[in-house]
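Protein chains in written order, with the numbering used here: chain A, 2 to 457; chain B, 2 to 457.
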Amino acid sequence: MSGVSDNETYGFGVRSLVGGCWGFAASRDLTKDEVARVAKQAVAQARANRSALVRPVQLAPAPVVANGTWKSPIQIDPFDVAIEEKVALLLAANQAALGVKGARFVNSSMFFLREEKTFASTEGSSTFQVIYRTQPSMTVTAVGNGDFATRESNDIAPRGVGYEHVRDTKLLEMAPKWASDAVEKLSAKSVEVGRYDLVLHPSHLWLTIHESVAHPTELDRAMGYEANYAGTSFVAPPEKVLGTLRYGSELMNIRGDRTQPGSLSACGWDDEGVKPEEFDIIKKGVFVDYQTTREQALWLDWYYKKLGKPARSHGCSYAQTWAAVQFQRMPNVSLLPGDKDLGWDDLIAATDRGIAIIGDGSFSIDQQRYNAQFGGQVFYEIRGGKIAGMLKDVAYQMKTPEFWATLDMVGGPKSYHLGGAFGDAKGQPVQVNAISHGAPVTRFRNVNVINTGRTA
Amino acid sequence: MTIRSLFTTARYLSREECEAITTKALSFSHADETRVLVSSTNVSNTRFAVNQISTGGDAFDSVVTVISKFGKRSGSAATNQLDDAGLRAAVEMSQRVAKLSPEDPEGMPELEPQTYRAGVNWSDATASLDPATRADAVKRITEPAKAAGLVSTGFMEAITSAQAVANSKGLFAYNRSTASVLTTTVRTSDGTGSGWAGATHHDWTKVDPTALGARATDKARRSVNAVAVEPGRYTVVFEPTAVGNLVQFIGRALSARAADEGRSFFSLPGGKNKIGQKVVDDRVTIVSNPFEPNLASGPFSGDGLPTKPVVWIENGVLKNLDYDRYWAQKQQRAPTGAGGSIGMTGGMSSMDDLIRSTERGLLVTRFWYLRPVDQRTILYTGLTRDGTFLIENGKVTKPVKNMRFNDSPIFMLNNLEAMGAPVRVSASEGGEPGQAIAVPPIKVRDFSFTSLSDAI
């Protein structure tokens, strides 16, 4: 056992809007004097920032919420489970992995978060929320023949639930499987470069959705506000793409939400006190809406008027802790399943020459979200509708709209799975956000695959 | 005049305050051994986008971490509540966790008291930055950009912090430090050109906002109407930031344990490592030096080990790997205590020389979305960004579209042609100060670009 730790942090942040300019200050010291000092500091900060004001901030209306309360839908509070039980499970799972011949190193861990968040605004809203997050994980490294290979357990995702998620993921039972995957990778066939049909498991596709759909449809990016780090977006300017940009095939239906039970983004109200709503981002392959906050919703007033809808925030405001200022962060952004009851095996059976990918691996995408490259955890060659063995050194390169245009099969509701991550980075200073992305099993046609196993 | 403004002094805990906290926490402990770490930080920032300040903030926090040990059992707890009740709760939680944990066969006893050199990473100029001064610095970029019809976006951050570590054997160490960073991306108003410039130093007076704005502006203008060139192997002149982006990954791959256990580029078969072997071009020397102003980091690490200058690679030969205390003892070596900066020695060429001597090649400003692809070769992928140009017959002739690469800093430093003088760079993608990195501009042959990106 290399580390058991318990970390607590407590504090408050004040965001002020003065004459159309934001200011923010925060402190760990929750005394009357310090609260007053920090509130004044936030106002002074906003005043200092006004010297460079061009376009004053305006906020879309939001209903006042008096004394709202919300709690993550947990069954077992992870902080009520004895550390002995957690430790025993991790050590047993490690032993089970090391029982596989060739598996040499195993790391496993559990992470739990409980957050109590109180929000109050001068508009009269006040909410209290208790949020839980749970992540079990394992990494196995196999060593042999002067080579090594690793398998990460990222087909089990972090979730916004309690300890029941650890039990549901069956670490102990899965460990030998992950270990044997790592060992099998050592002798797997190195992929031949070329174009392949890809059958993608939701444990892999969630990250492709995250990078190539969820990030480019953030309105602040599209408007240039993140140009210095996260980047801008090819889904811009709004007046040229809203309701018209073809993003992918007819099978592509993408929805934003903060309601899916057990998802990481779920909450009662966002960090501006707005109750989030489910909203379509892409409908039948056409881009129809951005992710917004109260400040941003009014930027699209013209579009919502055209649709006969009021300009209202979608509830995407979030700050990582009390010490960070809230801004637009993605909600859960998910690919909806199809009507037909298709599963993993059906898509493989329908594929003549392809590669099946499970789990997320190396990932990288440009600052406007056109050109991306994704690896995975486990790759299988598909020949004549059957799995023909494991591959390694696989990554696919894609251009976002071209890739999504090739989506020609989506699985049914039974194949739907929520992937996700705790550490989505955006903003300066960088803040992390926890989100889930759901997807069914999918097939994409004729995608460019490269071999990453260079030696010189 | 000495009016106590809300911002006159950055807040951090003094040596005396830290000593009082650690003494008190240690007095609450009845573990066999106890270590207490204090980290006190004031982070202030100003963000600007679309030529105006979009937000700014100021957050103060102090965190105490207690590590308690009973024999080989160890547990850790952290809190930011520094009154007696908060400290007592953290001590008790760490003891509870320790008692519940299994024995760690790799646990090391606490260090005896050590002697430390004085840290050199403090600057009064950085510690006294206030929102108005930050706004003035930002305006030196936004106002010329606005006047020129360009769009500037960026981030400025100043950090003042104090770190202390103490243990039940009487060890005590304290250091205060500062960091500052300013990065900006300037784009043409139609989004067809983009240029970046950035600088970081613990001493704010070493950062010149006007010069950074001018450099980013020049690149934005010159990058309009980029042409596509075929992906493939190119001779490349890398600006120092791009070199820092990649060479920092060698710094992260220096674990002696990973090498000895066969899971690193620096591994040799049979549990051996590459110390003493030539790994890159013989003109390359890579060091860490906590006490050199351009590479400054603190004088101790989290376990209280004093840091010292370390030569990793000397004239192309691997000289040292990073041994933590456990692995050092196991391998009968001294623990390394490197601190964490990366410095690379350079050559005599100017940027102009590197370009003038290139018949056909590319000039790269910086990289983005760097992610590991293959740990066996330190192979990474990522894309060029904000200033990529074609060199023909010794001259920069036109902007080129951004490209994705798949390559390793090890391969890159084996294909070295020439180097300039090292400079301090801002090599973190998120624009935070990051580790101290000082590297030269370099020219290399056969750098591998694998696909084109339409992102600007």
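Yeah, the Cβ is synthetic: ideal placement off N, Cα and C, and Gly gets one too.
Being a predicted model, the structure only gives us computed values, none of them experimental.
Sub-8 Å separation of residue i and residue j beta-carbons
| i | j | result |
| --- | --- | --- |
| W300/A | L243/A | no |
| R405/B | T382/B | yes |
| V238/B | L355/B | yes |
| G421/B | S351/B | yes |
| I411/B | V281/B | yes |
| G432/B | N50/A | no |
| A53/A | A26/A | no |
| R29/A | D261/B | no |
| G299/B | P291/B | yes |
| A146/B | T35/B | no |
| K284/A | G316/A | no |
| A61/A | A223/A | no |
| I359/A | G377/A | yes |
| A79/B | V64/B | yes |
Proximal residues of chain A, C-beta to C-beta of residue i below 8 Å
| i | result |
| --- | --- |
| W369/B | G232, D367, Q368 |
| E262/B | R105, F106, V144 |
| E1/B | Since the first residue of chain B shown is 2 and the last is 457, residue 1/B is not available in this structure. |
Nearest to residue i (by Cα), restricted to the options the options
| i | options | result |
| --- | --- | --- |
| P414/A | L336/A, V289/A, Y305/A, A94/A | L336/A |
| G69/A | D156/A, D148/A, V88/A, A121/A | A121/A |
| G269/A | L90/A, S73/A, V448/A | S73/A |
| T170/A | A40/A, W207/A, S110/A, N146/A | S110/A |
| S30/B | S95/B, L319/B, R12/B, L14/B | S95/B |
| G87/B | G72/B, E240/B, T23/B, V285/B | T23/B |
| T346/B | A329/B, L83/B, V248/B | V248/B |
| G466/A | E193/A, A320/A, A396/A, A373/A | No information on residue 466/A is available, as it lies outside the stretch 2 to 457 that chain A covers here. |
| V431/A | E18/B, R48/B, T189/B | R48/B |
| G120/B | G194/B, F301/B, V39/B | F301/B |
| G338/B | G72/B, Y117/B, I379/B, G272/B | Y117/B |
| T401/A | G385/A, Q368/A, A426/A | Q368/A |
| Y1/A | R134/A, S181/A, V141/A | Because chain A is modelled from 2 through 457, residue 1/A falls outside the range shown and cannot be assessed. |
Residues that residue i contacts on chain B, provided the C-beta gap is smaller than 8 Å
| i | result |
| --- | --- |
| S109/A | None at all; the shortest Cβ gap to chain B is about 13 Å. |
| A298/A | Those within 8 Å of A298/A in chain B number zero; the least Cβ separation is about 17 Å. |
| N50/A | T47, I54, T56, G57, P132, A136 |
| Q292/A | Those do not exist, as Q292/A stays about 17 Å from chain B at its closest Cβ, beyond 8 Å. |
Contact list for residue i against chain A, beta-carbon separation under 9 Å
| i | result |
| --- | --- |
| T451/B | Q374, Q398, I451 |
| N407/B | Q374, A396, I451, T453, R455 |
Contact set between residue i and chain B, taken where Cβ atoms lie within less than 7 Å
| i | result |
| --- | --- |
| E219/A | The contacting residues do not exist; E219/A stays about 13 Å from chain B at best. |
| A147/A | The sequence given here places Gly at residue 147/A; Ala does not occur at that position. Chain B residues near G147/A: P270. |
| V2/A | Inspection of the sequence shows that residue 2/A is occupied by Met rather than by Val. Chain B residues near M2/A: S102, P103, D105. |
| D7/A | A78, M94, V98 |
| E85/A | L101 |
Cβ-heavy atom distance, residue i to the ligand SAH, below 7 Å
| i | result |
| --- | --- |
| S365/A | Because no ligand of any kind appears in the structure shown, any question about the ligand SAH cannot be addressed here. |
Contact belief for residue i with residue j at Cβ below 8 Å, rounded distance in angstroms
| i | j | result |
| --- | --- | --- |
| A227/B | L213/B | Not quite, the Cβ-Cβ distance comes to about 22 Å (not below 8 Å), so this is no contact. |
| A150/A | L187/A | 5 Å |
| G245/B | V440/B | 5 Å |
| A237/A | T154/B | With a Cβ gap of about 14 Å, A237/A and T154/B do not count as contacting. |
| L419/A | Q261/A | 7 Å |
| P232/B | F450/B | 5 Å |
| I287/B | I314/B | 4 Å |
| P114/B | V88/A | No, P114/B and V88/A are not in contact; Cβ-Cβ is about 33 Å, not under 8 Å. |
| Y304/A | P239/A | 7 Å |
Cross-chain neighbours of residue i in chain A, by beta carbon under 7 Å
| i | result |
| --- | --- |
| P373/B | S363 |
| F301/B | Ordered by position in chain A, no residue passes the 7 Å Cβ test against F301/B, which lies about 20 Å from the chain. |
| F412/B | A457 |
Contacts of residue i in chain B (Cβ-Cβ under 9 Å)
| i | result |
| --- | --- |
| L92/A | P103 |
| Q329/A | Ordered by position in chain B, no residue passes the 9 Å Cβ test against Q329/A, which lies about 11 Å from the chain. |
| Q59/A | Correct list: empty, because the minimum Cβ distance to chain B is about 14 Å. |
If the cut-off is 7 Å on Cβ atoms, which residues from the segment 269 to 284 of chain A count as contacting chain B, listed in chain order?
none
At a CB distance below 7 Å, what residues from the segment 419 to 431 of chain A approach chain B? Give them in sequence order.
A426, Q429, P430, V431
Interfacial residues, the segment 193 to 226 of chain B to chain A, with Cβ spacing under 8 Å:
S195, W197
With 8 Å as the C-beta to C-beta threshold (strictly closer), list the residues of the segment 376 to 403 of chain B near chain A in chain order.
Q376, R377, T378, L380, T382, G383, L384, R386, N403
Check distances from the C-beta atoms of the segment 131 to 158 of chain B to those of chain A and list, in chain order, the residues that come in under 7 Å.
P132, A133, A136, V139, K140, T143, V152, T154, G155, F156, E158
Using a beta-carbon distance cut-off of less than 8 Å, what residues from the segment 10 to 38 of chain A approach chain B?
T10, Y11, G12, G14, C22, W23, G24, F25, A26, A27, S28, R29, D30, R38
Any C-beta of chain A within less than 7 Å: which residues of the segment 172 to 186 of chain B qualify?
T184, T185, T186
Quick one, which residues of the segment 184 to 199 of chain A are near chain B if we go by CB-CB under 8 Å, in chain order?
none
Between the segment 76 to 100 of chain B and chain A, which residues of the former have CB atoms less than 9 Å from a CB of the latter, in chain order?
G76, S77, A78, A79, T80, N81, Q82, L83, G87, A90, A91, M94, S95, R97, V98, A99
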